[in-house]
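>
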Amino acid sequence: SFRKIAEKVATDTAAPLDLRSAAIGVLGRTHPWSDAPNFDLLADLLQPIHANALQIAALEALCHGDTPEIGSAILGRLREMSPMLREQSLDQLLSRTVWIDLLLSDVQSGNLVTNEIGSVFRTRLLTHEDESLRKRAGSLFDVVNKDRQTVIDNYRDSLAVDGNTANGELVFAKHCATC
Numbered sequence: 006s007f008r009k010i011a012e013k014v015a016t017d018t019a020a021p022l023d024l025r026s027a028a029i030g031v032l033g034r035t036h037p038w039s040d041a042p043n044f045d046l047l048a049d050l051l052q053p054i055h056a057n058a059l060q061i062a063a064l065e066a067l068c069h070g071d072t073p074e075i076g077s078a079i080l081g082r083l084r085e086m087s088p089m090l091r092e093q094s095l096d097q098l099l100s101r102t103v104w105i106d107l108l109l110s111d112v113q114s115g116n117l118v119t120n121e122i123g124s125v126f127r128t129r130l131l132t133h134e135d136e137s138l139r140k141r142a143g144s145l146f147d148v149v150n151k152d153r154q155t156v157i158d159n160y161r162d163s164l165a166v167d168g169n170t171a172n173g174e175l176v177f178a179k180h181c182a183t184c
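So that you can map any letter, position 176 of the sequence shown is 181 in this note's numbering, and since no number is skipped, the others follow by simple counting.
1. Counting only the same chain and skipping the five closest in sequence on each side, list residues whose C-beta sits under 6 Å from that of A78.
2. Would you kindly work out how many angstroms separate the C-alpha atoms of S26 and V103, rounded to a whole number?
3. Please report the straight-line C-alpha distance between N172 and E85, rounded to a whole angstrom.
4. Cβ of L50 within 8 Å of Cβ of N43?
5. Could you compute how far the alpha carbon of G115 sits from the alpha carbon of L107?
6. Would you tell me roughly how many angstroms separate the C-alpha atoms of D111 and D167, rounded to the nearest one?
7. Could you tell me which uninterrupted alpha helix (DSSP H) segments, each at least 4 residues in length, are contained entirely in the region 110 to 177, listed from first to last along the chain?
8. Taking buried to mean at least 16 other C-beta atoms within 10 Å of its own C-beta, is A66 buried or exposed?
9. Tell me the DSSP secondary structure of G81 in three-state form.
10. In the DSSP assignment, find the alpha helix (DSSP H) that holds Q97 and state where it starts and stops.
11. Have a look at I75 and L46 and give me their C-alpha separation to the nearest angstrom.
12. Using the C-alpha atoms, what's the distance from N169 back to N159?
13. Any idea what DSSP makes of H180, helix, strand or coil?
Below is the structure:
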């Protein structure tokens, strides 16, 4: 069948990336959320061991559906994703109420830290049309201190402290090097 051919091409590491991406797109239009092997294949393609183009194609293919399993698969791989793919994933997650609920549950449980969600996405959550989601997001995300001078004054003393380059290098490797 057409779908079997698409599965074969999508997983063929010798095939050109654009052909594999197109095959992944076909799989997304054949209801991956109702077919466990197809869903697993697309979810696995979100892993960073795959080319960025394949990860993007897999994300787009998965997002043709709207089941909680898709949202969970995306959320489960969010920390592994490149910053660009993470932003695209968050954008997709905020497009479905059921996925927003999963995202907020992950924040509430500590599986996802609030600073892993960029300000644009936090703003979208805090201004969402659904009042219950808006309130829930408001209770999870710290309100920014409106008095900026107080914040600056509170941190001014830290400017006089000598930095630890070894610790800084570890922080950079963990949080910044992927960019």
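Backbone N, C-alpha and C fix where the C-beta goes; we use that ideal spot for every residue, glycine too. Predicted, not measured: the structure shown is a model, and the values here were computed from it.
Answer, in terms of the structure:
1. Same-chain partners within the cutoff: A48.
2. Using only the alpha carbons, I get a separation of about 27 Å.
3. Straight across, the Cα-Cα distance linking N172 with E85 is about 22 Å.
4. It is not a contact, given that the beta carbons lie outside the stated cut-off.
5. About 12 Å.
6. Just so you know, the alpha carbons of D111 and D167 end up roughly 36 Å apart.
7. Runs of the alpha helix (DSSP H) lying entirely within the region 110 to 177, each at least 4 residues long, are 124 to 131, 136 to 145 and 153 to 160 in chain order.
8. A66 is buried by the Cβ-count criterion.
9. It is helical.
10. Annotation for Q97: the continuous alpha helix (DSSP H) segment containing it runs P88 to L98.
11. If you draw a straight line from the Cα of I75 to the Cα of L46, it is about 12 Å long.
12. The straight-line gap from Cα to Cα measures roughly 21 Å.
13. Of the three classes helix, strand and coil, the one that applies to H180 here is helix, per DSSP.
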